[in-house]
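Before any comments, here is the structure.
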Amino acid sequence: MSPPDIARLESIARDIRVRIIETSHKTNTPHLGSCLSCVDILVAAYFHCLRLDPARPRDADRDRFILSKGHGAAALFQVLGVRGFYPVAMLDDYGKDGSLFAEHPPAPAYLPGIEAATGSLGHGLPIGLGMALAGRIHRRKYNVIALLSDGECNEGSVWEAAMMAASQKTERLAVFIDFNKWQATGRSEQVLALSPLVDKWRAFGWNACEVDGHDMAALVRLMQGVPDGSGKPVAIVAHTVKGKGVSFMEDDNNWHYRIPTADEVVKAKKELGVPA
Amino acid sequence: MRNAFADEITKLGAADPRVVLLSGDIGNKLFDKFKEQAPGRFFNCGVAEANMMGVAAGMALSGLRPVVYTITPFTTTRCFEQIRVDVCYHKAPVIIVGTGSGLSYADLGPTHHSCEDLAILRTLPEMTVLAPADSLELRAGLRAALHHDGPVYMRIGKKGEPQIHASEPDLRFGKALTIQQGSDVCLVATGVMVATAVQAAKLLAAQRISARVESFPSVKPLDTARLAELFGRYGLVAVIEEHGRIGGLAGAIAEWLATQDAARGRLLSFGTADEFMHEVGTTEYARRKFGLTPENIAREVAGRHAHRR
Numbered sequence: 425m426s427p428p429d430i431a432r433l434e435s436i437a438r439d440i441r442v443r444i445i446e447t448s449h450k451t452n453t454p455h456l457g458s459c460l461s462c463v464d465i466l467v468a469a470y471f472h473c474l475r476l477d478p479a480r481p482r483d484a485d486r487d488r489f490i491l492s493k494g495h496g497a498a499a500l501f502q503v504l505g506v507r508g509f510y511p512v513a514m515l516d517d518y519g520k521d522g523s524l525f526a527e528h529p530p531a532p533a534y535l536p537g538i539e540a541a542t543g544s545l546g547h548g549l550p551i552g553l554g555m556a557l558a559g560r561i562h563r564r565k566y567n568v569i570a571l572l573s574d575g576e577c578n579e580g581s582v583w584e585a586a587m588m589a590a591s592q593k594t595e596r597l598a599v600f601i602d603f604n605k606w607q608a609t610g611r612s613e614q615v616l617a618l619s620p621l622v623d624k625w626r627a628f629g630w631n632a633c634e635v636d637g638h639d640m641a642a643l644v645r646l647m648q649g650v651p652d653g654s655g656k657p658v659a660i661v662a663h664t665v666k667g668k669g670v671s672f673m674e675d676d677n678n679w680h681y682r683i684p685t686a687d688e689v690v691k692a693k694k695e696l697g698v699p700a
Numbered sequence: 003m004r005n006a007f008a009d010e011i012t013k014l015g016a017a018d019p020r021v022v023l024l025s026g027d028i029g030n031k032l033f034d035k036f037k038e039q040a041p042g043r044f045f046n047c048g049v050a051e052a053n054m055m056g057v058a059a060g061m062a063l064s065g066l067r068p069v070v071y072t073i074t075p076f077t078t079t080r081c082f083e084q085i086r087v088d089v090c091y092h093k094a095p096v097i098i099v100g101t102g103s104g105l106s107y108a109d110l111g112p113t114h115h116s117c118e119d120l121a122i123l124r125t126l127p128e129m130t131v132l133a134p135a136d137s138l139e140l141r142a143g144l145r146a147a148l149h150h151d152g153p154v155y156m157r158i159g160k161k162g163e164p165q166i167h168a169s170e171p172d173l174r175f176g177k178a179l180t181i182q183q184g185s186d187v188c189l190v191a192t193g194v195m196v197a198t199a200v201q202a203a204k205l206l207a208a209q210r211i212s213a214r215v216e217s218f219p220s221v222k223p224l225d226t227a228r229l230a231e232l233f234g235r236y237g238l239v240a241v242i243e244e245h246g247r248i249g250g251l252a253g254a255i256a257e258w259l260a261t262q263d264a265a266r267g268r269l270l271s272f273g274t275a276d277e278f279m280h281e282v283g284t285t286e287y288a289r290r291k292f293g294l295t296p297e298n299i300a301r302e303v304a305g306r307h308a309h310r311r
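Chains as they are written, first to last, in our numbering: chain R, 425 to 700; chain F, 3 to 311.
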């Protein structure tokens, strides 16, 4: 990818971050830190790597992206809107009674671009594995990417799926882990010993590697490298910063639930280089 | 029943390329023919039922018709949340089969009993709940499930269940099947207990009590039109199921009955007690323990019938 292409993606990521923060303030939507940590992964996927057409969201050959960490929905909704799955203006209804935009993604039949209704952790990878196996049965060459949080790796179903994906050699299945080192109430390493996370995925039969989860060029390169020719599913442990992009939110777990004030929105926009 | 299931799913799998069979490390050799006829569409998902259910949902969302098969507690209570979220919330057309339901595996202990599955699965929106009485109801139910655009749960027995029907019945969701007519009392049963109900009816006939027998393969949706007819006509309707008396077929009927003005019939329910069976025993032993024998049912029904006359 050329430097101007990377710069374009980085600019989109800045715009998405601002939209998430503004929406959180307007609609009292929490999980800001979790949303900001995965924005770059979402932008790399939806604005460059995934083979999909927002005008044909159910196309049988599309790449599938599952936000298994469903509490990042506020980020995904902005990404899908800006990418053109639905008018961005629809997001003005965020959180209102009767709106489709809840704190977690709705069922796929209700909103274009959504592949799975997540929010209960540990569900996205098994569903994605089913989709990858269906692709093999149908002889279609789409990729399935599931984005998990590090806290989500607490769930046993994640590792059940990991073992089956390895035995089935689903090489078109990839996992990205938004490894921001926090879960809802504490450091993920302290809640349940996660490390060594990359080695765990390797030991489960996956091709695993680490990446700076905010390095757009590296994210694009890894995402486009699926399948990687090894015949194994791919796990990418993306080191991220919770609340990435806003100094007073970064690595501060209070922003798992806190809502920014009007002043804080102004400050955040200034830091992100966007006029207030 | 499990042999009939294996035979029918093999036929269906050969005819319909959407059919995929997922097993939780069970059914050794049972599915050899399916594997042979539909290579690439059988998956041994290992002893990992939560994942198996999610995989099935992902397949169903991709246009396939997955059938999930393992012992009842492991395909229901073990992965209930996956059934609720991945299958029902997505309205994914997954067919969930629980083998060895009720007290079929009495000798394996309460870890392998399933006397809660009807109750918990019928609480889920979009879910259809079936309990076939014999291999013919099972085959018909499986085909109906495959043509249904939503999740279906089917609890089946083990092996050697008596045949109820002489030929394949016209099984439809939400429709009861009349097994035999009768004028004094009505026995409503589901699953393997239909055979017990037929035997109980014979014992009642010997006491000059004419019992109608109804099979309710569809626990959800419930055939409320038939129920209205039965509770309007008979003074006593006994509901028999190899399931706890909390929340199963009798529970479902009681919920409906409480809203009815015209019903004159009283409900008498036969099912397992609100307890775990801590001692070892055969299925027959367990049924005796919980009063699920033709003799006990006939005795209690006759007693209530005499009392009400």
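Yeah, the Cβ is synthetic: ideal placement off N, Cα and C, and Gly gets one too.
Residues of the region 567-579 of chain R with a Cβ closer than 8 Å to any Cβ of chain F: none. Between Asp516(R) and His638(R) the beta-carbon gap is near 29 Å, outside 8 Å, which marks them as no contact. Taking 9 Å as the CB threshold, Ile601(R) stays off the interface with chain F. Looking at the DSSP output, Ala662(R) sits in a beta bridge with Asp602(R), Val635(R). Secondary-structure assignment with DSSP links Cys188(F) through a beta bridge to Arg214(F), Val239(F). Close CB contacts of Gly246(F) within its chain, under the 7 Å cut and outside five residues either way in sequence, are with Cys117, Glu118, Ala121, Gly273, Thr274, Asp276 (chain order). Non-local C-beta neighbours of Val698(R) in its own chain, meaning closer than 6 Å and more than five positions away in sequence, comprise Val442, ordered along the chain. If you draw a 10 Å sphere on the C-beta of Thr130(F), you find 16 or more other C-beta atoms in it, and that means buried. For Val69(F), the enclosing beta strand (DSSP E) begins and ends at 67-73. If you check each beta-carbon in the region 51-66 of chain F against every beta-carbon of chain R, the ones closer than 9 Å belong to Glu51, Ala52, Asn53, Met54, Met55, Gly56, Val57, Ala58, Ala59, Gly60, Met61, Ala62, Leu63, Ser64, Gly65, Leu66. For Phe45(F), a Cβ of chain R is located within less than 9 Å of the residue's own Cβ. Take Asn567(R), set aside five residues on each side of it, and the residues of its chain with a beta-carbon closer than 7 Å to its own are Asp487, Arg596, Ala598, Val650, in chain order.
Across the region 544-559 of chain R, CB contacts with chain F closer than 9 Å involve Ser544, Gly546, His547, Gly548, Leu549, Pro550, Ile551, Gly552, Leu553, Gly554, Met555, Ala556, Leu557, Ala558, Gly559, in sequence order along the chain. For Glu244(F), none of the residues of chain R pass the 8 Å Cβ criterion, the least Cβ distance being about 30 Å.
Per DSSP, Ala265(F) lies in no beta strand (DSSP E) segment and is marked neither H nor E. Below 8 Å, too few C-beta pairs join the region 220-230 of chain F and the region 195-206 of chain F to call them touching: fewer than three. Within chain R, the residues Ala531, Pro532, Ala533, Ala540, Ala541, Ile551 have their CB atoms less than 9 Å from the CB of His92(F), given in chain order. By the criterion of at least three beta-carbon pairs nearer than 8 Å, the region 538-557 of chain R is in contact with the region 578-596 of chain R. Taking a contact as a CB-CB distance under 8 Å, the pair Val303(F) and Leu269(F) does not count as one, their CB atoms being some 12 Å apart. When Cβ pairs closer than 8 Å are counted between the two stretches, the region 516-531 of chain R is seen to touch the region 488-496 of chain R, the count reaching three or more. The criterion of a C-beta distance shorter than 9 Å is satisfied by Ile444(R) and Ala499(R).
Identification of residues in the region 25-46 of chain F having a C-beta nearer than 8 Å to some C-beta of chain R yields Gly42, Arg43, Phe45, given in sequence order.
At least one CB atom of chain R sits nearer than 9 Å to the CB of Pro68(F). Under the 9 Å criterion on CB atoms, Ser523(R) is classed as non-interfacial with respect to chain F.
Per DSSP, reduced to three states, the secondary structure at His245(F) is strand. Neighbours of Gly48(F) in chain R, taken as residues whose beta carbon is under 9 Å from its own, are Glu584, Met587, Met588, Ser591 in chain order. Shown here, Lys222(F) sits in a strand according to DSSP, grouped into three states.
Contact annotation for Glu128(F) against chain R: no contact, minimum CB-CB distance about 10 Å [criterion: below 8 Å]. Taking a contact to require three or more Cβ pairs closer than 8 Å, the region 100-112 of chain F and the region 136-146 of chain F do not qualify as touching. The continuous beta strand (DSSP E) containing Asn46(F) extends over residues 44-46. In the displayed model, Arg596(R) falls within coil according to three-state DSSP, outside both helix and strand. At the C-beta level, Ile683(R) and Thr542(R) stay beyond 9 Å of one another. For Ala617(R), the three-state secondary structure derived from DSSP is coil.
Distance between Ala191(F) and Asp172(F), taken at the CA atoms: about 17 Å.
Within the region 272-298 of chain F, no residue has a Cβ lying closer than 9 Å to any Cβ of chain R.
For Val87(F), the closest Cβ of chain R is nearer than 9 Å.
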